[in-house]
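Visitor: One structure coming up, written as structure tokens, with questions to follow.
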Amino acid sequence: MRPLPSEEATPPVTKRCLVVTARPLADLPEWGCAKRGLPWVSCRRVTPVEGLPALVPTSSTGYQRISAPASARPRPGGVGSGASAGRRSRVVGNRPGGLAAQGEWAGGRGACTRPKHPNPRILLKRRHPRPPLAHRHRRGTLGRWERRAMAGRIEDYALIGDMQTAALVRRDGAVDWLCLPRFDSPAVFAGLLGTDEHGFWRIGPALPVEPPPAAAPPRRTLLDADEPAVPPETAAAPALPCDRRRYRGDSLILEQEWDTQGGTVRVTDFMPPRHLLGTPDVPQMIRIVEGLAGTVRMRSAVRMRFSYGRVVPWVHRVEQPDGGHRTVAVAGPDSVWLDGRAETYGRDLTTYADFTVTVGERIAFGLTWQASHEAAPAPPDAEDALANTERFWREWVEQCHHQGPYREAVVRSLITLKALTYAPTGGIVAAPTTSLPEDLGGERNWDYRYTWLRDAAITLSSLLRTGYREEARAWREWLLRAVAGDPENLQIMYGIAGERELTESELDWLPGYEDSRPVRVGNGAAGQLQLDVYGEVVEALHLATMSGLARHDHAHQLQLRLIEYLEDHWRNPDEGIWEVRGPRRHFVHSKVMAWVAVDRTLKLLEQLENVPPGLAERWEKLRAEIHADVCAKGYDPERNTFTQYYGGKELDASLLLIPQVGFLPPDDKRVIGTIEAIQRELSTEDGFVLRYPTHDEQGNNVDGLSGHEGAFLACSFWLADDLAMIGRVGEARELFERLLSLRNDLGLLAEEWDSRTRRQVGNFPQAFSHVPLIDTALRLTAAGGLNLHAD
């Protein structure tokens, strides 16, 4: 083994500082970050070279090079204005002990003060006591010329996965999120929640970089050592988005194409299901570069940062008997192996490969995770893996028996749900990401890489109704293992293998998606009491039985034990479906779902033998008691609507489920009044539905969190369902098709839609958005004269 060229030991260099050049805001016409208060200068260590251009972000995908004028106006709220906690260095250059010598971050939200001399002013802003290891570069030559990329818009990402973990791929060919080896493992690429410094893998056309201004040519410095100050011709300029992208047929194989001056190139990304590889514990990600026309110069850049961007691994080469080599990154228990035909080299703690492709030429790269104490994994056979992966998805989709005008949307949602299923156990994650914000720049950021019983139960429902019984069987087995012998302490969520401890913590070294802090892992809501979950679980078990799934006595016993618990606890207040971090209340939806649990269990008793005498009569009385309680305490007769909780005035979109679960018929005047009230009071300006009001009439937050949130897409689909059920099918279809238009170009949905910025927000892609999409499509397909209300 030998280190990569840039990993070889170098003598310590003392002349290091942070340079931020200042320029009046009036000279920055493409001020892309001012509105959100995002950093306008890349946080970067660079050398003190006179005339060296600084990088200023002009959009989420590019930076503008500028030079510092002799003077600059201070930016309001910047360093020195009294409105910022930022600090600036007292010294320039190589004075020992100064902040610059310690490697603090440059940039941040602070801007410029008027310099006392014509040289660029050095400005610093502390984000942490010390920057994470990933930010302390030993060398910085090539990196100076590359943009400091922020994450793209949420809808700019594509999903690939192997049903044990998943990656998000941006339009410019960058993989910004990948957890290995499981959905809930620490990320190897975490640029989604920070910058390129936190890990990425980008493959795309290599474009020439404009030279520095002739009046101020770069010169060699101590930091440059034996490397040229001018980047090579293939250095990556601000990455360009692809010209086209799509999934290959009904699969999870992503194809992105770029048209360049030299020709056209395609990059195909996928993760082969591990059972096809015969290595259940060794995930692989494969990227195949194919020349379609002309000749295109390409670059692969891999920056691996383990533990969510915090740990810089030891990267080295392993020579092979055939004269080639493999690149391996090791840190603690993890190792990641990079394979490919193209020659790699290291610089700026990044592994690069520069190569060209011509028409018909295919160059493959493979990334393989392996426990660091295990023997090296075999290099992937890219072409064989591609063929097997395509065949797997084609055969899986063929099981879908749904036909109708919305089949394309239904199939893409089913594929997404399958991708979110953890194959070894049958657990279904709510989303493959953590901390994508519901409120851009705010604190509503949660870890969704776990199995919510509610989400999984409704996912099971959609899979069963479209022909996927094996997934339903696997989830039922997962549920029985997770709950085990303690159904009285049912949690609202578990780990993907049934883990109960999901301790929530914050990753303070990550700046968060678009400055949305904190970044959280784990989920403190796991310990909440949400009585509606009992109803969702029982409903899923009931549907499995009604769909012909093999009888399971243990599942029946679990169902009976759950009702025994509800019999004693349904009168208690809880946190409700939305996991509000405020006081417990008597939420109407929770009581309705308790009624559902009892109702479906009574239907089960009709099929069982040796039912204890009097049990059915006792639970029939319980069902009637819950129903009467809800109608008396959860209904506002003056406004003709049900309310969020007993005695309250606020509305809640979960009330839209009342007719769908059969609590009341859709033609009941109370149901119609509730639908119309939600449409009137919880709709955004573009007609989508909020979960509940986040602020009261005095402007105070009512859910224990600051900020606002977007329209909840699941609730908007529920409204379309209800409109169809009360006979307003045309209005329902129009709303549904507008919801479909919110999907990105690949058919994917996040959790919410921000009507102010017209962007998807929240974790992505979201099972709780794709499941009601399927349900509404099925309902509208059946709307031609069929009975639309619940059985």
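Counting in the numbering used here, the sequence shown runs from 13 upward without gaps. Virtual Cβ for every residue (Gly too), placed ideally from N, Cα, C.
Could you compute how far the alpha carbon of Leu476 sits from the alpha carbon of Gly674?
Guide: Against the sequence shown, residue 476 aligns to sequence position 464. Against the sequence shown, residue 674 aligns to sequence position 662. Going from the Cα of Leu476 to the Cα of Gly674 covers about 19 Å.
Visitor: If you follow the alpha helix (DSSP H) that Phe318 is part of, which residue opens it and which one closes it?
Guide: Position 306 of the sequence shown holds residue 318. Residues 318-321.
Visitor: Under 6 Å Cβ to Cβ from Asp262, same chain only, skipping five residues before and after it: list those, please.
Guide: Here the question's residue 262 lines up with position 250 in the sequence shown. Taken in chain order, the residues that qualify are Val409, Val423.
Visitor: Quick check on the burial criterion: 16 or more other C-beta atoms within 10 angstroms. Buried or exposed for Thr339?
Guide: Here residue 339 refers to the residue found at position 327 of the sequence shown. Counting Cβ neighbours within 10 Å, Thr339 comes out buried, since at least 16 surround it.
Visitor: May I ask which residues mark the beginning and end of the beta strand (DSSP E) holding Met297?
Guide: On the sequence shown, residue 297 is found 285 positions in, with the first residue counted as 1. That run of the beta strand (DSSP E) goes 296-315.
Visitor: Ile375 lies in the beta strand (DSSP E); which residues open and close that run?
Guide: Position 363 of the sequence shown, counted from the first residue, corresponds to residue 375. It spans 374-383 - the beta strand (DSSP E) in which Ile375 sits, taken as one unbroken run.
Visitor: At the 8 Å Cβ level, is Thr515 part of the contact set with chain D, yes or no?
Guide: The question asks about chain D, but that chain is absent: this structure has only one protein chain.
Visitor: For Trp521 and Ile738, what's the separation of their Cα atoms in angstroms?
Guide: Taking the first residue of the sequence shown as position 1, residue 521 is located at position 509. Taking the first residue of the sequence shown as position 1, residue 738 is located at position 726. Their backbone Cα atoms lie some 51 Å apart in a straight line.
Visitor: Can you tell me where the beta strand (DSSP E) holding Ile738 begins and where it ends?
Guide: On the sequence shown, residue 738 is found 726 positions in, with the first residue counted as 1. From DSSP, Ile738 is part of no beta strand (DSSP E); its letter is neither H nor E.
Visitor: Which of helix, strand or coil does DSSP assign to Leu266?
Guide: If you number the sequence shown from 1, residue 266 lands on position 254. Looking at Leu266 - three-state DSSP - the assignment turns out to be strand.
Visitor: Rounded to the nearest angstrom, what separates Asp360 and Asp208 at their Cα positions?
Guide: Reading the sequence shown from its first residue, position 348 is the one you call residue 360. Reading the sequence shown from its first residue, position 196 is the one you call residue 208. Approximately 12 Å between the Cα atoms of the pair.
Visitor: When you compare each of Arg322, Gln176, Leu785, Ala736 to Ala435 by their alpha carbons, which one comes out closest?
Guide: Within the sequence shown, residue 435 is the residue found at index 423, counting from 1. Answer by Cα proximity: Gln176.
Visitor: Can you pull the DSSP bridge partners for Glu518?
Guide: In the sequence shown, counting from the first residue as 1, residue 518 sits at position 506. Looking at the DSSP assignment, Glu518 forms a beta bridge with Arg532.
Visitor: So, are the CB atoms of Val327 and Thr291 less than 8 Å apart?
Guide: Stepping through the sequence shown from its first residue, residue 327 is reached at position 315. Stepping through the sequence shown from its first residue, residue 291 is reached at position 279. No, the Cβ-Cβ distance between Val327 and Thr291 is not below 8 Å.
Visitor: Do you know how far the Cα of Thr307 is from the Cα of Gly841?
Guide: Because the chain spans 13 through 803 in this model, residue 841 falls outside it and cannot be assessed.
Visitor: For the structure I just gave you, are there three or more beta carbon pairs, one from the region 779-788 and one from the region 464-473, closer than 8 Å?
Guide: The region 779-788 is in contact with the region 464-473.
Visitor: Kindly list the residues whose CB is nearer than 8 Å to the CB of Leu617, restricted to its own chain and excluding five residues on each side of it in sequence; keep chain order.
Guide: Translated into positions along the sequence shown, residue 617 becomes position 605. If we look at Leu617 and ignore the five residues flanking it on each side, its Cβ neighbours are Val623, Leu627, Ala628, Trp631.
Visitor: Looking at C-beta atoms only, is the number of pairs between the region 445-455 and the region 516-536 that lie closer than 8 Å three or more?
Guide: Contact holds: three or more Cβ-Cβ distances are below 8 Å.
Visitor: Can you tell me whether Thr793 is helix, strand or coil according to DSSP?
Guide: Working through the sequence shown from its first residue, we reach residue 793 at position 781. The answer is helix: DSSP assigns Thr793 an H, G or I state.
Visitor: To the nearest whole angstrom, what separates the beta carbons of Leu663 and Ala689, a pair I think is in contact under 8 Å?
Guide: Taking the sequence shown and counting its residues from 1, the one referred to as residue 663 is at position 651. Taking the sequence shown and counting its residues from 1, the one referred to as residue 689 is at position 677. Confirmed, Cβ separation roughly 6 Å.
Visitor: Hey, how far is the Cα of Trp405 from the Cα of Gly659?
Guide: For this step, residue 405 is matched to residue 393 along the sequence shown. For this step, residue 659 is matched to residue 647 along the sequence shown. Straight-line Cα distance between these residues: approximately 50 Å.
Visitor: Evaluate contact between the region 766-776 and the region 694-708, counting only Cβ atoms and requiring at least three cross-stretch pairs below 8 Å.
Guide: The region 766-776, when compared against the region 694-708, does touch it at the 8 Å Cβ threshold.
Visitor: Find out if the Cβ-Cβ distance for the pair Leu502, Tyr460 is shorter than 8 Å.
Guide: Within the sequence shown, numbered from 1, the residue matching residue 502 stands at position 490. Within the sequence shown, numbered from 1, the residue matching residue 460 stands at position 448. No, they are not a contact pair.
Visitor: Please list the terminal residues of the continuous alpha helix (DSSP H) segment that includes Ile670.
Guide: Mapped onto the sequence shown, residue 670 falls at position 658. Its alpha helix (DSSP H) spans residues 669-672.
Visitor: Are Leu180 and Arg456 touching if we call contact CB-CB under 8 Å?
Guide: Here residue 180 is taken as the residue at index 168 of the sequence shown, counted from 1. Here residue 456 is taken as the residue at index 444 of the sequence shown, counted from 1. Cβ atoms of Leu180 and Arg456: not closer than 8 Å.
Visitor: Please return the same chain residues whose Cβ sits closer than 7 Å to the Cβ of Ala305, not counting the five positions on each side in sequence.
Guide: Numbered from its first residue, the sequence shown carries residue 305 at position 293. If we look at Ala305 and ignore the five residues flanking it on each side, its Cβ neighbours are Gly275, Thr276, Val371.
Visitor: Just to confirm my understanding: we take Ser473, look at its own chain, exclude 5 residues before and 5 after, and list those with CB closer than 6 Å. What are they?
Guide: In the sequence shown, the residue the question calls residue 473 occupies position 461. Contacts found: Leu555.
Visitor: Would you list the residues sitting across from Phe599 in a DSSP beta bridge?
Guide: The sequence position of residue 599 within the sequence shown is 587, counting from 1. Note: Phe599 sits in a beta bridge opposite Tyr657.
Visitor: Have a look at Val604 and Glu267 and give me their C-alpha separation to the nearest angstrom.
Guide: Position 592 of the sequence shown, counted from the start, is the residue given in the question as residue 604. Position 255 of the sequence shown, counted from the start, is the residue given in the question as residue 267. Answer to the nearest angstrom: the Cα atoms are 45 Å apart.
Visitor: If we ignore side chains and look at the alpha-carbon of each, how far apart do Arg286 and Asp393 end up?
Guide: What you label residue 286 is simply residue 274 of the sequence shown in a count that begins at 1. What you label residue 393 is simply residue 381 of the sequence shown in a count that begins at 1. Taking the straight line joining both Cα atoms gives about 13 Å.
Visitor: If you reduce the DSSP assignment to three classes, tell me which class Trp213 lands in.
Guide: Walking along the sequence shown from the start, residue 213 turns up at place 201. The answer is strand: DSSP assigns Trp213 an E or B state.
Visitor: Looking at the structure shown, is Gly539 part of a helix, part of a strand, or coil, going by DSSP?
Guide: In the sequence shown, the residue the question calls residue 539 occupies position 527. Of the three classes helix, strand and coil, the one that applies to Gly539 here is helix, per DSSP.
Visitor: Touching or not, the region 484-495 and the region 548-567, by the rule of three or more beta carbon pairs under 8 Å?
Guide: With a cut-off of 8 Å, the region 548-567 and the region 484-495 count as touching, because enough Cβ pairs lie within range.
Visitor: Restricting to Cα atoms, I'd like to know which of Ile508, Leu205, Pro677 is closest to Ser319.
Guide: Along the sequence shown, one-based indexing puts residue 319 at 307. Ranking Ile508, Leu205, Pro677 by Cα distance to Ser319 puts Leu205 first.
Visitor: If I measure Cβ to Cβ from Asn756 and keep anything under 6 Å in the same chain, skipping five residues before and after, which residues do I get?
Guide: Locating residue 756 in the sequence shown gives position 744, where the first residue counts as 1. Around Asn756: Glu167.
Visitor: Identify, in the order they occur along the chain, each residue of the same chain with its Cβ nearer than 6 Å to the Cβ of Phe724, setting aside the five sequence neighbours on each side.
Guide: Here residue 724 is taken as the residue at index 712 of the sequence shown, counted from 1. Closer than 6 Å at Cβ, skipping near neighbours: Arg703, Glu764.
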